[in-house]
Amino acid sequence: MATPIAPTPILKGKDALRFLKKMEEPPTKEEVEFLKKAIETYKKHPF
Numbered sequence: 008m009a010t011p012i013a014p015t016p017i018l019k020g021k022d023a024l025r026f027l028k029k030m031e032e033p034p035t036k037e038e039v040e041f042l043k044k045a046i047e048t049y050k051k052h053p054f
């Protein structure tokens with residue numbers, strides 16, 4: 008039997024502001040390349 012999923016933590020204060028700031032930043036070249044490679048791998052070996 009699978010273990011239950013824990014509730015998602017709620018961000019408050021400085022953590023919430025830091026998260027929102029990071030979400031508004033455009034992705035870096037490294038992040039884009041990583042995601043492209045992950046998509047290519049998935050297309051070759053889908054679940």
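According to this note's numbering, the residues represented by the sequence shown are 8 to 54, in order.
All C-beta atoms in this analysis are idealised placements derived from N, C-alpha and C, irrespective of residue type, glycine included.
CB contact flag (residue i, residue j, <9 Å)
i   : j   : result
P53 : L42 : no
Backbone secondary structure at residue i - three-state DSSP
i   : result
M30 : helix
I12 : coil
T35 : coil
K43 : helix
L24 : helix
K51 : helix
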